[in-house]
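Enquirer:
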Amino acid sequence: PLLTWQAGAPGAPDASDASDAAVEDFETGDFSAFDWQRWGGDVPWSITSSQVHGGSYSAQAGDVGDDETSTLRLTYDCAAGQVSFFVKTSSERGFDYLIFHVDGQERDRWSGEQEWVQVSYTVSAGTHTFEWSYEKDGSVANGSDTAWLDDITLP
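Each residue of the sequence shown is one higher than the one before, counting from 2 in this note's numbering.
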């Protein structure tokens, strides 16, 4: 959900206190904890228990074919701080990527056989659109040919 507080209001989060951050760990077993848009691209993202960083569930890119994409998007009103998450890939190195965008700007990309790694990016206060898109090229499938996300923290 889109959460907003007026600065100084009772219950308003202090941007310096990480305990006030919103966390998406997919432990609901579905995408109901936040207002996710998971139908971007050719195949939607899903919840899985086959690969997890923590808990019982993570989000997995859709089972795409050649030249297809699977996009997961969240628009969220943040405090200034760090957005962080864990990512894992199993794909053709250098050709099939999980690409992360903030407000339409590419911030990072991953490919190949990569175990869970935590990454973080600075964001300003305000409403931002976060997008994770698994993009497959026109040929060759390596590994599981997918990507996973888990334990997303939003300031």
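Glycine residues also receive a C-beta, built at the ideal position from the N, C-alpha and C atoms.
Report all residues from its chain with a CB closer than 6 Å to the CB of Thr154; omit the five preceding and five following residues, and keep chain order.
Expert: Here the set comprises Ala22, Val24 and Ser85.
Enquirer: Assuming contact is defined by CB atoms lying nearer than 7 Å, are Val44 and Ser71 in contact in what I supplied?
Expert: Yes.
Enquirer: Report back the beta-carbon spacing between Asp67 and Ile48 to the nearest angstrom; my notes put them in contact at under 8 Å.
Expert: Rounded, the Cβ-Cβ distance is 25 Å, inconsistent with contact.
Enquirer: Short of 7 Å in beta carbon distance, which residues of its chain neighbour Asp26, apart from the five on each side in sequence? Order them along the chain.
Expert: Excluding positions up to five away in sequence, the list reads Gly55, Gly56, Asp151 and Asp152.
Enquirer: Taking Thr123 as the reference, give the member of Val53, His102 and Tyr98 with the closest Cα.
Expert: Considering only alpha carbons, the answer is His102.
Enquirer: Leaving out five residues before and five after Arg94 in sequence, what residues of the same chain have Cβ atoms less than 8 Å from its Cβ?
Expert: Within the same chain, Arg94 has close Cβ partners Ser112, Gly113, Glu114 and Asn143.
Enquirer: How many whole angstroms separate the CB atoms of Phe131 and Tyr77, which I take to be in contact at a CB cut-off of 8 Å?
Expert: Contact holds; Cβ gap of about 7 Å.
Enquirer: How far does the beta strand (DSSP E) with Ser71 in it reach, from first residue to last?
Expert: Its beta strand (DSSP E) spans residues Thr70 to Cys79.
Enquirer: Report the option in Thr128, Asp97 and Glu107 whose CA atom is closest to the CA atom of Ala148.
Expert: That would be Asp97, whose Cα lies nearest to the Cα of Ala148.
Enquirer: Taking 7 Å as the threshold (C-beta atoms), are Ala62 and Tyr135 in contact?
Expert: Yes. Within cutoff.
Enquirer: Hey, quick one: how far does the beta strand (DSSP E) through Gly50 stretch, first residue to last?
Expert: Note on identity: in this sequence residue 50 is Ser, with Gly being the wrong assignment. From DSSP, Ser50 is part of no beta strand (DSSP E); its letter is neither H nor E.
Enquirer: Select from Gly82, Arg108 and Trp40 the residue whose C-alpha is nearest the C-alpha of Asp64.
Expert: Checking every option, the nearest Cα to that of Asp64 belongs to Trp40.
Enquirer: Judging by CA-CA distance, which residue of Ser51, Ala126, Asp104 and Val118 is the nearest neighbour of Ser145?
Expert: Answer by Cα proximity: Ser51.
Enquirer: Please classify Val53 as buried or exposed, where buried requires at least 16 neighbouring CB atoms within 10 angstroms.
Expert: Result: buried.
Enquirer: Based on Cα-Cα distance, which residue from Ser91, Leu75, Gln119 and Asp109 lies nearest to Phe35?
Expert: Checked all of Ser91, Leu75, Gln119 and Asp109; the closest Cα to Phe35 is Leu75.
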